[in-house]
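Report on the structure given below.
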C-alpha cells in the first residue's frame, strides 16, 4: 500500500480486464440486397400459392345459382314492364344469406343491404350495377357479361364466394 491515502490504489491489469464487459464476437448482419432477396422470396411464394390454388383462397363456396336472363322489369313510373337484361341470383340454402355482394366482370358491383331469404330469387337489372371506381352504370349492350362473382355471409359466419363464368 502507498503511504498517501489521497492517491487511489491501482488495480492489477488482470482484475481490470475481468471487470470490463467481455468483447462480443462479430455477428452476421443482413445486407440491403439480402433484405430485398428475402422480401422478394416471400412475395413470390405468396403469389405462387395463389396461382396454384386460386379457388381455395376465396373461401368456401356460396350455395347460390347465378344466371343471366331477359325478363320483364317494372318501369320507374310503375306503368308497365320492359324486357330487360337481368342477373338472377337464387339462394339454394334453407337459411338466409347476409352481406350479399354481386360483381360483374370484376368491375361493376351491387351491394344488397337486406339478407337474401331462404330459397329467395333476386332479380337485378344489369344497368343497376355501378363501377367500383366511379358512378358509371353497367351497359349490357356495350359490354358482355363474362363472369359474375357472388359473395355473402354463410349461416356459420364464414364468407362464401361463388364465381360463374358466361360466354
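Numbering (the working numbering), first residue to last: 284 to 450. We treat Cβ as the ideally placed atom computed from N, Cα and C, and that holds for glycine.
| Residues bridged to residue 366 by DSSP? | 355
task = Kindly identify the DSSP beta-bridge partner or partners of residue 435.
result = 443
Per DSSP, the bridge partner or partners of residue 372 = 349 and 405
Exercise. The beta strand (DSSP E) with residue 384 in it runs from where to where?
Worked result: 381 to 387
Review point. From 407, 387, 420 and 380, pick the residue whose C-alpha is nearest to that of residue 397; which is it?
Key: 380
Q. Is the number of C-beta pairs between the region 366 to 375 and the region 345 to 352 that are closer than 8 Å three or more?
A. yes
Next item on the list: Go ahead and pull the three-state DSSP assignment for residue 420.
Entry: strand
Practice item. Would you kindly check if the distance between the Cβ of residue 428 and the Cβ of residue 387 is under 7 Å? Key: yes
query: How is residue 426 classed by DSSP in three states: helix, strand or coil?
result: coil
_What I want to know is whether the C-beta of residue 366 ends up closer than 6 Å to one or more non-hydrogen atoms of the ligand SAM._
The model depicted lacks the ligand SAM and carries no ligand whatsoever.
Locate the beta strand (DSSP E) running through residue 392, then write down its first and last residues. 391 to 395
Requested in this report: Work out the CA separation of residue 329 and residue 383 for me, nearest whole Å.
Outcome: 28 Å
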